[in-house]
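Visitor: Order-wise, the sequence lines are chains L and E. For what it's worth, my numbering labels the leading residue of the first sequence as 4, then goes sequentially. For what it's worth, my numbering labels the leading residue of the second sequence as 4, then goes sequentially. Glycine included, each C-beta is placed from N, C-alpha and C at the ideal position.
2 protein chains.
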Amino acid sequence: MSSSRRDQLIAAAADLLDEGGPDAVQLRKVGSASGVSHNAPYKHFSSKEDLLAALAARELNAVCDAAERKARAGSPLAKTIMLAYVRWALMYPERFRLVSGRWTKGASEDIAQAAQRWQKLLYVAVEAAQKADELPQGDPERISSLILSVAHGAANLALSGHLSAKGKGKAEPSDLVADLFSYLAHPGG
Amino acid sequence: MSSSRRDQLIAAAADLLDEGGPDAVQLRKVGSASGVSHNAPYKHFSSKEDLLAALAARELNAVCDAAERKARAGSPLAKTIMLAYVRWALMYPERFRLVSGRWTKGASEDIAQAAQRWQKLLYVAVEAAQKADELPQGDPERISSLILSVAHGAANLALSGHLSAKGKGKAEPSDLVADLFSYLAHPGG
DNA sequence: ACCTGAACACCGTTCAAGT
DNA sequence: ACCTGAACACCGTTCAAGT
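1) Using a threshold of 8 Å, state whether the C-beta atoms of A16/E and L58/E are closer than that.
2) Which one of S148/L, L19/L, H47/L has the shortest CA to CA distance from R10/L?
3) Quick one: which chain E residues come within Cβ less than 8 Å of W91/L?
4) Straight-line CA distance for S185/L to R98/L?
5) Cα-Cα, which of E144/L, A131/L, N64/L, V129/L is closest to R120/L?
6) Going along the chain, which unbroken runs of the beta strand (DSSP E) with 3 or more residues stay wholly within the region 116–140 of chain E?
7) Going by other Cβ atoms of all chains shown within 10 Å of its Cβ, with 16 needed for buried, is M4/L buried or exposed?
8) Leaving aside the five residues before and after Q140/L along the sequence, list all residues of the same chain whose C-beta is less than 7 Å from its C-beta, in chain order.
9) Below 8 Å on the Cβ atoms is my contact criterion, and I expect L160/L with L166/L to pass it. Report the Cβ-Cβ distance as a whole number of Å.
10) Given that a residue counts as buried once 16 or more other Cβ atoms are within 10 Å of its Cβ, and exposed if not, what is S148/L?
11) Quick check on the DSSP output: the alpha helix (DSSP H) that includes Y45/L runs from which residue to which?
12) Once DSSP output is grouped into helix, strand and coil, what is the label at G34/E?
13) Are any of the Cβ atoms in chain L nearer than 8 Å to that of G192/E?
14) Against Y95/L, what residues of chain E qualify as contacts under a CB-to-CB distance less than 9 Å, listed in chain order?
15) Name the chain E residues that come within less than 9 Å of L183/L, Cβ to Cβ?
16) Would you please verify whether the beta carbon of G104/E is less than 8 Å from any beta carbon of chain L?
17) Are the Cβ atoms of V127/L and W91/L separated by less than 8 Å?
18) Taking all protein chains shown into account, do 16 or more other C-beta atoms lie within 10 angstroms of the C-beta of Q144/E, making it buried, or fewer, making it exposed?
19) State yes or no: is the beta carbon of K73/E nearer than 8 Å to at least one beta carbon in chain L?
20) Give every residue of the same chain whose Cβ lies closer than 8 Å to the Cβ of V180/E, excluding the five residues on either side of it in the sequence, and list them in chain order.
21) Cβ atoms of S163/E and S163/L: under 8 Å apart, would you say?
22) Am I right that L124/E and A70/E are in contact with their C-beta atoms under 8 Å? What's the rounded C-beta distance?
23) Please report whether the beta-carbon of S177/L lies at a distance below 8 Å from any beta-carbon of chain E.
24) May I have the straight-line CA-CA distance separating R105/L from I114/L, to the nearest angstrom?
25) Against chain L, does L160/E count as a neighbour if the rule is that its beta carbon must be under 8 Å from one of theirs?
26) For S49/E and chain L, any beta-carbon pair shorter than 8 Å?
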């Protein structure tokens, strides 16, 4: 499964994506970068969108893998996981945008599955933090969504330059995530 | 200034955007919807991106206008402003995505200006809320960024279907914004 | 200054054919 | 099953010319 050629095409697409966004992922270039003709990709993906969806699913699963590895190493902290997430988003802006972009419904079952896996991971970490009294009680899913929203939004704002990067108000996405955990942890601001 | 034809083209672009996203904003259609030829837009905008940038700036300024109108009517509440923002985002997903999308640096001075106006508006509202003890003390800009992040991220997650829409964990973006204000207001969760 | 119609360039996609 | 080369369709953009 997942033939080497298929993986090769996805890897080529990832490189092109990082360099110039989705528009730069031209099937002709994906092909030539993989040593095949410009339309060989159609034997592995039904369309460009299908290729991008496969890439997005791969990326999100990689994020999950990293988080799980960290969790097994003994630090299943929700905060740690989210900080790693925003770090990834800033390191690979285009992949982050792709993963969180719009997907025509049904376009990718894999991506929906990866997203669910990712949410589940955070959910479990939030539950653990609640037991350790590091997060307030209340529906873990709701708190997960709040945390994920901040991480997502902060990364997006930073990437579009809408986060003041200078002066005393300066805040990196990681700072904002940390702020949220701080407010949630110690009441009283 | 802002000739009627120019506005007409932007309006046509907005309609097309709402219907099918940026790819659906085809200059040929923008032209024909405005009763001019397919390349008449080039007399008003240097490129498709320039047209989209003008549209984005118009939209964000409209959001600011609405918020200012509300503020003058006597409710300059940070929370109210943000709830209106997410409502707008869900009502016009494509405009929201466009505004918060990536802009090649220097592509639009107008859009950067509108973004700054928007942030300033929120900043002032946050300061007011702090004085009323409805928000914790601390750098207003930093708190503004946190609030904006949640609104942004929650709207994005909802639009990409990554927000659990069922079960007890169900949360609308407006719920998450309200949650944040609640956590910030009363310590203790 | 604003507009038109023809043309070009590029890229996603399809097709017919090869092994 | 996987690949190739030619061709088509579409759309952003440019050009020469009109008023």
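Guide: According to the structure data:
1) yes
2) Checking the sequence shown, residue 10/L turns out to be Asp, not Arg. Nearest of S148/L, L19/L, H47/L to D10/L, Cα basis: H47/L.
3) Residues of chain E passing the Cβ test: none, with the nearest at roughly 15 Å.
4) 28 Å
5) N64/L
6) none
7) Residue placement at M4/L is flagged as unreliable, the pLDDT there being 45, under the threshold of 50; a coordinate-derived value is accordingly withheld.
8) Q133
9) 5 Å
10) buried
11) From DSSP, Y45/L is part of no alpha helix (DSSP H); its letter is neither H nor E.
12) helix
13) With a pLDDT of 47 at G192/E, under the threshold of 50, the modelled position of that residue is not reliable, and the figure given next carries that caveat. Answer yes: the Cβ-Cβ gap between G192/E and chain L drops below 8 Å somewhere.
14) Result: empty, since nearest Cβ-Cβ is about 14 Å, beyond 9 Å.
15) L149, S152, V153, L183, Y186
16) yes
17) no
18) First, the residue type needs correcting, since residue 144/E is Glu and not Gln in the sequence shown. Buried is the call here.
19) no
20) K82, M85, L86, V89, I150, V153, A154, A157
21) no
22) 5 Å
23) no
24) 11 Å
25) yes
26) no
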